[in-house]
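Going by my numbering, the first residue of the sequence shown is number 20, and it counts up by one from there.
The beta-carbon is built from N, C-alpha and C at its ideal position, and this holds for glycine as well.
Here is the structure we will look at.
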Amino acid sequence: MSDQPRSTTSDQEESVAAPAPAPPPPRPATYRDVFSSREYRGLFMASGLSWFGDYAARAAITALVYAKTGSVPASAAAFALSYLPWLLGGPVLAALADRYPYRKVMIICDLARMGLVAVVAVPDMPVPVMFALLMATAMLNPPFEAARSALLPKMVAPDRYVLSVGALGSLGQAAQIAGYVGGAALSLASPHLTLAFNAVTFGISALLLAVFVVPRPAALASEQRRTILRETGEGISIVFSRPVTRAVATIVFTALTFVAVPEGLAAGWAAALNRGELAQGLIMAAAPAGLIAGGLLIPRLVPPAARQKLIRPLVIIAPVVLVPALLEPPLPVVLVMVFVVGFAFGAFTPILNGMFVQVLPSSHRARAFGVMNTGTQLSQGLGLLAAAGLTQYFRVPFVIGGWCAAGAVAMVVASAVWPSAEVIDAEIAQTQAANDAAAKLAG
Numbered sequence: 020m021s022d023q024p025r026s027t028t029s030d031q032e033e034s035v036a037a038p039a040p041a042p043p044p045p046r047p048a049t050y051r052d053v054f055s056s057r058e059y060r061g062l063f064m065a066s067g068l069s070w071f072g073d074y075a076a077r078a079a080i081t082a083l084v085y086a087k088t089g090s091v092p093a094s095a096a097a098f099a100l101s102y103l104p105w106l107l108g109g110p111v112l113a114a115l116a117d118r119y120p121y122r123k124v125m126i127i128c129d130l131a132r133m134g135l136v137a138v139v140a141v142p143d144m145p146v147p148v149m150f151a152l153l154m155a156t157a158m159l160n161p162p163f164e165a166a167r168s169a170l171l172p173k174m175v176a177p178d179r180y181v182l183s184v185g186a187l188g189s190l191g192q193a194a195q196i197a198g199y200v201g202g203a204a205l206s207l208a209s210p211h212l213t214l215a216f217n218a219v220t221f222g223i224s225a226l227l228l229a230v231f232v233v234p235r236p237a238a239l240a241s242e243q244r245r246t247i248l249r250e251t252g253e254g255i256s257i258v259f260s261r262p263v264t265r266a267v268a269t270i271v272f273t274a275l276t277f278v279a280v281p282e283g284l285a286a287g288w289a290a291a292l293n294r295g296e297l298a299q300g301l302i303m304a305a306a307p308a309g310l311i312a313g314g315l316l317i318p319r320l321v322p323p324a325a326r327q328k329l330i331r332p333l334v335i336i337a338p339v340v341l342v343p344a345l346l347e348p349p350l351p352v353v354l355v356m357v358f359v360v361g362f363a364f365g366a367f368t369p370i371l372n373g374m375f376v377q378v379l380p381s382s383h384r385a386r387a388f389g390v391m392n393t394g395t396q397l398s399q400g401l402g403l404l405a406a407a408g409l410t411q412y413f414r415v416p417f418v419i420g421g422w423c424a425a426g427a428v429a430m431v432v433a434s435a436v437w438p439s440a441e442v443i444d445a446e447i448a449q450t451q452a453a454n455d456a457a458a459k460l461a462g
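Written out as structure tokens, the structure is:
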């Protein structure tokens, strides 16, 4: 029998049938990717400079008012003025940011704050006039902060958003530490000089925003506008009527009611440890240091798909780690505990922020962030007032440990009703489709 040529049909079939190699998984975003955005670099520099100057000015204003009046309540009132607009009308003031281009809102707020603080820096300014100017300056914070929060998702890609939030949050904490220390040091020489420096930082911030950030139209077209109170109500409704945004708000507000207490009671805790001002400063600095570490490390090291799984354990760890304060541990243990609290909060905040912005209609972002910022101020303030009241009857370490034990229970309950991944994904997809449709209509 003669040999016949070997058929290649089966080889061809095998070649056709062989599956194509799977594409490699997408590379996780890095901080290099985030800072490759020219817009983000400008926003980052402007925010850091403005924050540093603002915190330095708060320290200087406190010292200046005390020097003029000799009154501790008056100096404390001057410090607290920066929080008052959030409590009186934060959502209303933030709603203004959706009516106008975010970049324009931020630049105008910076320039106005520059002028107002420059006047405050004039020597021999009467205290009542100083208070009025400081109040006017503080009224510009809600629209500025809301506009920045709403602008950020427009300038960075979705996969880089959580890292960009973590970097900005860590920068804010670092600016707070440096600003308070630097402002106190500069105030020894001249509080007026510190305030003048703050005015300059607002001017440079406005310049950086004008140079680096691309102009965009307002989120809310003129024909979509209603009365400002109705628009504010829509912002409140969008936060509390949707499952995911409501869950995020509940987690953040509940967590802040408890985890902000160590910083507010640091002086009493240091006294209970028979330590002085240095211990108080270390306790107050431990939480921001943890926030910086958590905000930078977790968004970078944990893949996006795994971040949601960390929310429940992190939000429970935050108050739980302070429960051992009941045992009155020594200062080194206290510092570790407070650092871990900050780390946990700094880690889950960017994750929740990224989820929050994905389920927000693009036309409501500034208003929704205004509601969240107001809620954070209220929850921190009410938590501190309640805990401080308890210190009239119990030792500070026992108050902190017991307060945070109750917080752990509250966080277990809050995390138990956290939406499922399917609910979150469905709401994100629905919002994305609505945003895309609105963008096509506007274009």
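Inset, instruction - Go ahead and pull the three-state DSSP assignment for residue 426. - result: helix
Legend entry - CA-to-CA distance, residue 109 to residue 432, given in whole angstroms: 28 Å
Inset, instruction - Would you kindly report the start and end of the unbroken alpha helix (DSSP H) that includes residue 211? - result: 210-231
Inset, instruction - Report yes if the C-beta distance between residue 364 and residue 168 is below 9 Å; otherwise report no. - result: no
Legend entry - Residue interval of the alpha helix (DSSP H) (run including residue 238): Taken as a continuous stretch (DSSP letters only), residue 238 belongs to no alpha helix (DSSP H), as it is neither H nor E.
Inset, instruction - Mind the definition here: the stretch 412-421 touches the stretch 126-141 only if three or more C-beta pairs lie below 8 Å; say whether that holds. - result: no
Legend entry - Helix, strand or coil at residue 284 according to DSSP, with G and I counted as helix: coil
Inset, instruction - Look at the alpha carbon of residue 253 and the alpha carbon of residue 377, and state the distance between them as a whole number of angstroms. - result: 17 Å
Inset, instruction - Using a threshold of 9 Å, state whether the C-beta atoms of residue 279 and residue 394 are closer than that. - result: no
Legend entry - Beta-carbon contacts of residue 53 that lie in its chain and below 8 Å, excluding the five residues immediately before and after: 59, 175, 179, 182, 183 and 186
Legend entry - Minimum Cβ-Cβ distance from residue 430 to chain B less than 9 Å: The structure shown has no chain B; it contains just one protein chain.
Inset, instruction - Please classify residue 321: does DSSP put it in a helix, a strand, or coil? - result: coil
Legend entry - N- and C-terminal bounds of the alpha helix (DSSP H) containing residue 372: 350-377
Inset, instruction - Thinking residue 266 and residue 78 are a contact (beta carbons under 8 Å), I'd like their distance in whole angstroms, please. - result: The Cβ separation is near 37 Å, so there is no contact.
Legend entry - 9 Å Cβ cutoff met for residue 292 and residue 345: no
Legend entry - Burial state of residue 442, where buried means 16 or more other Cβ atoms lie within 10 Å: exposed
Legend entry - Inter-stretch contact (C-beta, 8 Å, three-pair minimum) for the stretch 195-215 and the stretch 69-86: yes
Legend entry - Presumed contact (8 Å Cβ cut-off) between residue 228 and residue 67, rounded CB distance: Actually they do not touch by this definition, with Cβ atoms about 13 Å apart.
Legend entry - Supposed close pair residue 342, residue 405 - CB separation, criterion 8 Å: With a Cβ gap of about 17 Å, residue 342 and residue 405 do not count as contacting.
Inset, instruction - Would you mind working out which of 355, 76, 434 and 375 sits nearest residue 473, comparing C-alpha positions? - result: Past the boundaries of the shown model lies residue 473; the chain is included only from 20 to 462, so the question cannot be answered.
Inset, instruction - Identify whether residue 332 lies in helix, strand or coil by the three-state DSSP scheme. - result: helix
Legend entry - Three-state secondary structure (DSSP) of residue 89: coil
Legend entry - Proximity of residue 361 and residue 326 at Cβ, strictly below 9 Å: no
Legend entry - Sequence-distant residues of its chain with Cβ nearer than 7 Å to residue 194 (five each side left out): 67, 70, 71 and 74
Legend entry - Element boundaries [alpha helix (DSSP H), containing residue 396]: 384-409
Legend entry - Distance, residue 274 Cα to residue 114 Cα: 25 Å
Inset, instruction - With a threshold of 8 Å, establish whether the CB of residue 87 neighbours any heavy atom of the ligand ZN. - result: This structure simply doesn't include the ligand ZN, nor any ligand for that matter.
Legend entry - Cβ-based neighbour list, residue 338, same chain, cut-off 7 Å, excluding 5 preceding and 5 following: 277, 278, 423, 426, 427 and 430
Legend entry - Helix, strand or coil at residue 28 [DSSP, three-state]: Its pLDDT being 47, under 50, residue 28 is placed unreliably by the model, and nothing is read from it.
Inset, instruction - With residue 242 as the anchor, note down where its alpha helix (DSSP H) starts and where it stops. - result: Per DSSP, residue 242 belongs to no alpha helix (DSSP H) and is neither H nor E.
Legend entry - Delimiting residues of the alpha helix (DSSP H) encompassing residue 125: 121-139
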